[in-house]
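Numbering (the numbering used here), first residue to last: 43 to 496.
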């Protein structure tokens, strides 16, 4: 797969150096790649074209890190695993440009990598980088055939080729089988579209589509989800008048299912216990006539972003800084728990998550999810709705949480999702599930739990 990128034959070294520094901090520090990228681009004085290049280079290199490392290690005479992180990222970013970026000539990528290695480590390392990258050109890495990679005993090699941790592929293979495992992994390696949802569609759809067309962008309607569009990539999407004026908002198609599942009624009180950054909160606020939406989050900074988004969309939301496990309020008609989770359904958007997550994280997150749900149950009126949702593919955080909740809360019952959202997103049990390779959107899970007794 090649990326069509801006021409960068003589890109200033600062842009590539910035990409390497961002990747190195993401690998060695505590912040996520998107946080580091946002901060670094805000501080750097780069053109819009170079900002887009750095974004594509960092995300692409992170996404394909295992495949790049396998090829580099084959030409690295020392122990590549012990090499300095910055040196690795100089090599990775150069090889990513060569293998995946169709408008970056190989000689330009190699030249800039060598210059950067020289500036950071001296002439000896510059020669090393030059030799390794030239060798990748002369002796391309020989991957086994796909037929060989698909053999069960070759899972580690398949993990390198698809660029995933082996433990995650092993889980997916046990659950989906080999063929669907590969389809899911490949779907999560795609660059996702920008998905926009039209706000107050009766008023705004025509204006939104006119501006999209005037800007030369393509807006493809998402099947079965009215007013949701996949838009061709545009690095200044937030500069559209439609966005600035609150006619549309960025929200993955899977996220728009949650407000529908909640079946908002006029006059409802809605509590969103893990609200920030607020996409689902604001969708529910838009769906509500009368009533109120209470947005709860433990992060003041993230609630501030939600407040800004609510102002842009002209939607009233009550903000509360609180821990979802301990929040107290009078019972409400709707309580949403969009739970903290592993994020393994959004790997196409969060390219570093596959490398940051560990199997033990799922157990820790499940314990947190149970705590939040237990408190949420106390906040739901009789005949009210508790909506549990995640953006992960893993059963420990999804089906098993709902099963546990229903065992411990017999006053709740799972309602068929088919009553509220299109059937193609629902399973026979009534839960709502999307998977990237099946639905062409983020992986997600949601359940509608109705309180049936005191």
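Note that CB positions come from ideal geometry on N, CA and C, so glycine has one too.
Keep in mind the model is a prediction, meaning the values are calculated, not measured.
Here the alpha carbon of residue 218 sits roughly 43 Å from the alpha carbon of residue 158.
The beta carbons of residue 287 and residue 239 sit no closer together than 7 Å. Pairing residue 359 with residue 327 gives a Cβ-Cβ distance under 7 Å. Between the segment 378-395 and the segment 428-437 there are three or more C-beta pairs closer than 8 Å, enough to call the two in contact. Cβ-Cβ distances below 6 Å link residue 68 to 75, 78, 394 in the same chain, with the five nearest sequence neighbours on each side left out; the list follows chain order. Cβ atoms of residue 99 and residue 82 stay farther apart than 8 Å, at about 12 Å. Per DSSP, reduced to three states, the secondary structure at residue 318 is coil, with no helix or strand assignment.
With a cut-off of 8 Å on Cβ pairs, the segment 304-317 is in contact with the segment 328-336, counting three or more such pairs.
For residue 303, the closest of 316, 322, 440, 290 by C-alpha to C-alpha distance is 322.
Residue 319 and residue 347 do touch by the CB rule: their CB atoms are close to 5 Å apart, below 8 Å. Between the alpha carbons of residue 185 and residue 110 lies a distance of about 12 Å. Per DSSP, residue 118 lies in no alpha helix (DSSP H) and is assigned neither H nor E. Residue 94 and residue 391 have their C-alpha atoms roughly 15 Å apart. In the structure shown, residue 178 falls within a helical segment according to DSSP collapsed to helix, strand and coil. DSSP places residue 237 within a strand segment (E or B) once states are collapsed to three. Taking C-beta atoms as the reference points, residue 474 and residue 299 count as a pair closer than 7 Å. Burial state of residue 450 is exposed, judged by a 10 Å Cβ sphere holding fewer than 16 other Cβ atoms. Under the three-state reduction of DSSP output, residue 394 falls in the coil class, being neither helix nor strand. Counting only residues of its own chain and dropping the five nearest sequence neighbours on each side, residue 270 has a CB closer than 6 Å to the CB of 239, 264, 295, 298.
Boundaries of the beta strand (DSSP E) around residue 273: 270-273. Counted as a single uninterrupted DSSP element, the alpha helix (DSSP H) harbouring residue 138 occupies residues 127-142. When DSSP reads this structure, residue 262 sits in a beta bridge with 272. The Cβ-Cβ distance between residue 324 and residue 355 falls below 7 Å. Comparing alpha-carbon positions, the option among 62, 493, 426, 116 lying closest to residue 96 turns out to be 62. From the listed residues 235, 244, 282, 241, the smallest Cα separation to residue 253 is found for 282. Inside the segment 383-462, DSSP marks whole alpha helix (DSSP H) runs of 4 or more residues at positions 395-398, 401-419, 441-450, from first to last along the chain.
Exclusion of the five residues before and after residue 108 leaves 202, 205 as the residues of its chain whose Cβ lies within less than 6 Å of its Cβ. Nearest to residue 305 by C-alpha distance, out of 90, 491, 116, is 491.
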